[in-house]
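Chemist: One structure coming up, written as structure tokens, with questions to follow.
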Amino acid sequence: MLTAIVGINWGDEGKGRMVDLLSREQDVIVRYQGGNNAGHTVCNERGKFVLNLLPSGILRPDKVNVMGCGMVIDAEHLFKETGRLRAAGVSITPDNLVISDRAVICFPYNVMQDCLEEDRLADKKFGSTRRGIAPIYADKYMKKAIRMGDLTDPAYLDERIETVLDWKNLCLSAYKGARKFTPAEIKKWLEDYAMPFVPYIKDAGAMLYAAAAEGKRIMLEAQLGALRDIDYGIYPYTSSSNTIAAYAPVGAGVPGLKVDRTIGVMKAYSTCVGEGPFTAEMFGEEAERLREAGGEYGAATGRPRRVGGFDAVASRYGCRVQGADTIALTKLDILDYMDEIPVVDAYEIDGELTEDFPFGERLVKARPHIVRLPGWKQSTANCRTFGDLPAAARDYVRYIERSVGTEIGYVSVGAERDSIITM
Numbered sequence: 000m001l002t003a004i005v006g007i008n009w010g011d012e013g014k015g016r017m018v019d020l021l022s023r024e025q026d027v028i029v030r031y032q033g034g035n036n037a038g039h040t041v042c043n044e045r046g047k048f049v050l051n052l053l054p055s056g057i058l059r060p061d062k063v064n065v066m067g068c069g070m071v072i073d074a075e076h077l078f079k080e081t082g083r084l085r086a087a088g089v090s091i092t093p094d095n096l097v098i099s100d101r102a103v104i105c106f107p108y109n110v111m112q113d114c115l116e117e118d119r120l121a122d123k124k125f126g127s128t129r130r131g132i133a134p135i136y137a138d139k140y141m142k143k144a145i146r147m148g149d150l151t152d153p154a155y156l157d158e159r160i161e162t163v164l165d166w167k168n169l170c171l172s173a174y175k176g177a178r179k180f181t182p183a184e185i186k187k188w189l190e191d192y193a194m195p196f197v198p199y200i201k202d203a204g205a206m207l208y209a210a211a212a213e214g215k216r217i218m219l220e221a222q223l224g225a226l227r228d229i230d231y232g233i234y235p236y237t238s239s240s241n242t243i244a245a246y247a248p249v250g251a252g253v254p255g256l257k258v259d260r261t262i263g264v265m266k267a268y269s270t271c272v273g274e275g276p277f278t279a280e281m282f283g284e285e286a287e288r289l290r291e292a293g294g295e296y297g298a299a300t301g302r303p304r305r306v307g308g309f310d311a312v313a314s315r316y317g318c319r320v321q322g323a324d325t326i327a328l329t330k331l332d333i334l335d336y337m338d339e340i341p342v343v344d345a346y347e348i349d350g351e352l353t354e355d356f357p358f359g360e361r362l363v364k365a366r367p368h369i370v371r372l373p374g375w376k377q378s379t380a381n382c383r384t385f386g387d388l389p390a391a392a393r394d395y396v397r398y399i400e401r402s403v404g405t406e407i408g409y410v411s412v413g414a415e416r417d418s419i420i421t422m
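Heads up, the sequence shown is in numbering that gives the first Met the number 0, so the first residue is 0 and it goes up one at a time.
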């Protein structure tokens with residue numbers, strides 16, 4: 000059985016928290032796209048962990064974790080991330096971590112290109128995390144990437160480095176402040192950071208097909224959310240990969256399998272890191288209070304997140320493109336302090352109201368139509384059943400459920416594993 004855990008909105012919804020919780024029932028956990036621009040925060044009995052590249056199931060010692068072929072892997076970041084986790088007592092071995100031979104490597108020259116391009120764009124920048132993600136995905140689709148499996152063939156790897164660098168240095172020469180990279184420099188970088196992972200590199204697809212045939216339960220973990228998908232998100236202010244559940248088997252390495260269940264994760268309010276239209280955005284003191292209450296700072300970058308009331312228009316669209324079967328609603332407890340809770344139930348565009356998520360310039364022009372629901376003004380942190388919630392909180396959850404047209408299966412009232420209500 001394949002279960003996908005995906006984001007409904009702009010990312011940072013709490014997917015890592017839900018993967019960590021629900022992975023107890025799974026055998027294999029797979030990250031299927033993205034790179035170290037992700038930031039999945041997990042709190043358990045050993046402390047707080049921020050995972051950028053590794054699947055969130057890595058914190059459960061009895062699970063197998065896979066970095067799928069749809070990922071872009073910064074080997075230096077992976078080397079340091081695994082080092083931090085090992086220092087905290089987390090076991091990471093070829094027995095519990097598999098890296099797809101088809102996943103591509105994100106190099107220092109990709110990071111440099113990303114930074115130089117954002118600087119060139121200036122006030123028209125896309126809000127990149129400056130970690131090389133767009134350039135390496137561009138390299139992949141131009142057939143100029145180097146894959147993890149290439150590390151196992153030294154002669155081919157040397158030839159590939161020479162070919163790619165000839166081209167990449169030409170690209171970089173167009174930027175003021177760029178420098179050339181030498182084959183020796185790249186080989187040294189690979190020797191230091193990538194080669195230690197050679198024992199982890201396998202045909203992940205074959206392994207996953209075999210696991211599925213044996214009846215193993217496989218969880219597919221997304222990075223970011225529907226509104227950052229390269230095709231269905233708020234282009235061009237998106238990520239450079241497909242974040243939707245329909246892509247999950249492809250990015251995992253098993254395109255012949257189908258997702259059996261999709262769990263969409265969304266917050267009880269809205270947040271967004273980076274540039275682009277964000278219709279629900281709050282400003283001033285109201286925004287600052289919500290940001291502080293929710294600790295809304297990017298897990299990967301530390302940037303303050305833009306915040307706002309729950310956006311029913313965007314969330315309904317996100318549920319649709321994700322094909323969500325059920326919703327995990329996170330951070331309900333953050334709203335405990337509010338007298339009234341703002342919800343964006345429609346957008347106003349050129350003087351007309353719409354409940355449909357708009358395309359392109361119409362989204363830029365959209366303004367929020369806000370309704371305010373009663374707050375509950377008491378702590379929900381210790382609630383463990385739906386009936387434990389204050390009546391106004393129950394009404395709020397049911398309102399959201401009706402607004403997006405998808406059942407809510409889980410309600411999170413804290414970051415800890417047991418701070419969850421199963422509906």
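C-beta: ideal position from N, C-alpha, C; glycine also.
With three or more beta-carbon pairs closer than 8 angstroms as the criterion, would you say the segment 238-248 touches the segment 27-36?
Modeler: Yes, since at least three Cβ pairs between the segment 238-248 and the segment 27-36 fall closer than 8 angstroms, the two stretches touch.
Chemist: Return helix, strand or coil for Ile243, following the three-state DSSP convention.
Modeler: Three-state DSSP puts Ile243 in coil, outside helix and strand.
Chemist: What did DSSP end up calling Gln112 once you bin it into helix, strand or coil?
Modeler: Gln112 falls in the helix class under three-state DSSP.
Chemist: Alpha carbon to alpha carbon, what distance is there between Gly307 and Arg397?
Modeler: Straight-line Cα distance between these residues: approximately 19 angstroms.
Chemist: Taking all protein chains shown into account, do 16 or more other C-beta atoms lie within 10 angstroms of the C-beta of Ser90, making it buried, or fewer, making it exposed?
Modeler: Exposed, because fewer than 16 other Cβ atoms sit within 10 Å of the Cβ of Ser90.
Chemist: On the criterion of 16 or more Cβ atoms from any shown chain inside 10 Å, does Ile100 qualify as buried, or is it exposed?
Modeler: Per the sequence shown, the amino acid found at residue 100 is Asp instead of Ile. Per the 10 Å Cβ criterion, buried.
Chemist: Measuring straight from C-alpha to C-alpha, what distance separates Leu331 and Val410?
Modeler: Each residue's alpha carbon lies about 7 angstroms from the other.
Chemist: Please report the straight-line C-alpha distance between Gly275 and Tyr140, rounded to a whole angstrom.
Modeler: When rounded, the distance between both Cα atoms is 24 angstroms.
Chemist: Please report the distance separating the alpha-carbon of Ile419 from that of Gly413.
Modeler: Straight-line Cα distance between these residues: approximately 7 angstroms.
Chemist: Please report the residue range of the alpha helix (DSSP H) in which Cys318 lies.
Modeler: Element bounds for Cys318: Ala311 to Gln321.
Chemist: Between which two residues does the alpha helix (DSSP H) carrying Lys79 extend?
Modeler: Ala74 to Ala86 is the span of the alpha helix (DSSP H), which, as asked, contains Lys79.
Chemist: Consult DSSP for Glu351 and reduce its assignment to one of helix, strand or coil.
Modeler: Glu351 falls in the strand class under three-state DSSP.
Chemist: Considering only residues of the same chain and omitting the five flanking positions on each side of Lys201, which have a CB-CB separation below 6 angstroms?
Modeler: Once the five neighbours on either side are set aside, the close Cβ partners of Lys201 are Val97.
Chemist: Is Asp191 helix, strand or coil when you go by DSSP?
Modeler: Of the three classes helix, strand and coil, the one that applies to Asp191 here is helix, per DSSP.
Chemist: Could you spell out where the alpha helix (DSSP H) holding Lys266 opens and where it closes?
Modeler: First-last for Lys266: Arg260 to Lys266, but that is the beta strand (DSSP E), not the alpha helix (DSSP H).
Chemist: Go to Glu220, then tell me how far its alpha helix (DSSP H) extends in each direction, as first and last residue.
Modeler: Per DSSP, Glu220 belongs to no alpha helix (DSSP H); it is in the beta strand (DSSP E), Ile217 to Gly224.
Chemist: Select from Arg146, Ile185 and Lys175 the residue whose C-alpha is nearest the C-alpha of Asp165.
Modeler: The shortest C-alpha separation from Asp165 is found at Ile185.
Chemist: Is Ser418 helix, strand or coil when you go by DSSP?
Modeler: Coil at Ser418, not helix or strand.
Chemist: Let's see if you can read the secondary structure: which residues bound the beta strand (DSSP E) around Met66?
Modeler: Counting along the chain, the beta strand (DSSP E) containing Met66 begins and ends at Val63 to Met66.
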